[in-house]
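Novice:
Numbering (mature numbering (1 follows the signal peptide of the UniProt record, and there is no 0)), first residue to last: -23 to -1, 1 to 61.
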């Protein structure tokens, strides 16, 4: 077995462990932040939806997520679940 396979697996595990969906990043969110600032902190969202100038974006999955609601380009409110 080559050393490339274990090294690749180790890199994948490191990326999962370094998820940006965590309590530390959640505590950095503030009302009034721009979408660009939030994406700089959390990366690209898993999904977004919206209408009439309001939108909601989510990062993570059903067990662990951060959800941000925007009015225009600014954070209105946010919530999280399963953060450590």
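The beta-carbon is built from N, C-alpha and C at its ideal position, and this holds for glycine as well.
#1: Please state whether DSSP places residue -3 in a helix, a strand or coil.
#2: Taking buried to mean at least 16 other C-beta atoms within 10 Å of its own C-beta, is residue 25 buried or exposed?
#3: Excluding the 5 residues preceding and the 5 following residue 12 in the sequence, name in chain order all residues of the same chain whose CB lies nearer than 7 angstroms to its CB.
#4: To the nearest whole angstrom, what separates the beta carbons of residue 42 and residue -3, a pair I think is in contact under 8 angstroms?
#5: Where residue -7 and residue 33 are concerned, what is the direct C-alpha to C-alpha distance, given to the nearest angstrom?
#6: Determine the burial state of residue 57: buried for a count of at least 16 other Cβ atoms within 10 Å of its Cβ, exposed for fewer.
#7: With residue 66 and residue 5 assumed to form a contact (beta carbons below 8 angstroms), what rounded beta-carbon distance in angstroms separates them?
#8: Using a Cβ-Cβ cut-off of 7 angstroms (strictly less than) and excluding sequence neighbours within five positions of residue -11, which residues of its own chain qualify?
Specialist: Quick look at the numbers:
#1: coil
#2: exposed
#3: 47, 50
#4: 6 angstroms
#5: At residue -7 the pLDDT is 47, less than 50, meaning the model places this residue with poor confidence and gives no usable figure here.
#6: By the neighbour-count rule (16 or more Cβ atoms within 10 Å), residue 57 is buried.
#7: Residue 66 is absent from the model: the chain starts at -23 and stops at 61.
#8: Only weak support exists for where residue -11 lies, its pLDDT of 42 falling under 50; the coordinates are left without a value.
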